[in-house]
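Input: a single structure, listed below in structure tokens.
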Amino acid sequence: MQVFANSEGARTTPSVVAFTESERLIGQPAQAQAAGNAANTIFDAKRLIGRSIKDTIVSNDCKSLPFKVAAGPDGDSPVVCVQFRGEERTFAPEEISAMVLLKMKQTAEQQLQKNVKRAVITVPAYFNDAQRNATKNAGAIAGLQVLRIVNEPTAAALAYGLHSKRTKAQEASAESGDGYTLIFDLGGGTFDVSILAIADGIFEVKATGGDTHLGGEDFDSAIQEWVIAEFKKKHAKVCLGFRL
656 MQVFANSEGA RTTPSVVAFT ESERLIGQPA QAQAAGNAAN TIFDAKRLIG RSIKDTIVSN
716 DCKSLPFKVA AGPDGDSPVV CVQFRGEERT FAPEEISAMV LLKMKQTAEQ QLQKNVKRAV
776 ITVPAYFNDA QRNATKNAGA IAGLQVLRIV NEPTAAALAY GLHSKRTKAQ EASAESGDGY
836 TLIFDLGGGT FDVSILAIAD GIFEVKATGG DTHLGGEDFD SAIQEWVIAE FKKKHAKVCL
896 GFRL
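Under our numbering, the first residue of the sequence shown is numbered 656, with each subsequent residue one higher.
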């Protein structure tokens, strides 16, 4: 397996899309300008895609997001609202995801020197059917034929070649008749754990679990809230005087 570097020379691309007065930015450039353009910098589209605006999880997320989220034309699907080239625009989460996929498509085409028309896309293991279908739609918007949606822990196992080689632990468990592998996938926004049975290159998912709000971003938020609380404890009088 080979991981292609993007146009910025990085081997990973943040799922961030930003809109300015003159252009649309994707990946590292979008992330770099986020502090000065928070209301028009979209991230965490994965937490909105395939969900209802009435979903309690979406409602709670919207309280902490710096950009505006509203109900779409159908009154149920969420859309993000931004200022782009002097006017307000709305985009569905699928469209935001499609922009990131298009960036990845362009990266692959640049490296392979040929058109890329088909793709396999990974999603959190606990994504429901609506979220998986919405992800497929995002691929279609990006001009890709989505051959398959693969659970991220399974993709991680494939990436590390667990289907083609055995560790000593796997050999021992196979001899005991218990050939299971635990895949621990902690990302920037989500956390997944899957138990796989791997035999003769075939994966069978035995169990999955995860949390859409237990990733690097959530750790950052928790630390930020703790720091603010500690600051208020130590400087209560200063804060009160400032407010007055």
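Don't be surprised by glycine CBs; every beta carbon is placed ideally from N, CA and C.
- Counting only residues of its own chain and dropping the five nearest sequence neighbours on each side, Ala810 has a CB closer than 6 Å to the CB of Thr777.
- Fewer than three Cβ pairs drawn from the stretch 689-697 and the stretch 707-717 lie within less than 8 Å of each other, which leaves the two stretches out of contact.
- Comparing C-alpha distances from Ser752 to each of Arg740, Ile796 and Glu764 shows the shortest one belongs to Ile796.
- Taking the Cβ atoms as the reference, Val735 lies roughly 7 Å from Lys723, within the contact range of under 8 Å.
- Spanning the alpha carbons of Ala726 and Pro669 requires a straight line of approximately 26 Å.
- In this structure, Glu880 lies away from Thr845, with their beta-carbon atoms at least 9 Å apart.
- Residue pairing by DSSP places Ile708 opposite no residue, since no beta bridge is assigned to it.
- Secondary structure at Gln688: coil, using DSSP grouped into helix, strand and coil.
- When DSSP states are grouped into helix, strand and coil, Ala814 belongs to the helix group.
- DSSP, reduced to helix, strand and coil, places Arg666 outside both helices and strands of the structure shown, so it counts as coil.
- Between the beta-carbon of Leu841 and that of Leu799 there is about 27 Å, and that puts the pair past the 8 Å contact cut.
- Going by DSSP, Pro748 is part of the alpha helix (DSSP H) stretching over Pro748 to Leu767.
- For a cut-off of 8 Å, the C-beta gap from Val860 to Ser849 is around 6 Å, short enough to register as a contact.
- Pro808 carries a helical assignment under DSSP once its states are collapsed to helix, strand and coil.
- In this structure, the straight-line span from the alpha carbon of Val882 to that of His890 is close to 12 Å.
- Where Gln879 is concerned, the enclosing alpha helix (DSSP H) starts and stops at Gly871 to Lys889.
- Between Gln688 and Thr675, the CB-CB gap stays under 9 Å.
- Note: Cys717 is not bridge-paired with any residue in the DSSP secondary-structure output.
- Residue range Asp784 to Ile796 is occupied by the alpha helix (DSSP H) that includes Arg787.
- Across the set Ser677, Leu851, Gln786 and Leu703, the C-alpha of Ser677 shows the shortest separation from the C-alpha of Glu742.
- The closest CA to that of Ala852, considering only Gly864, Thr836, Thr867 and Thr863, is found on Thr836.
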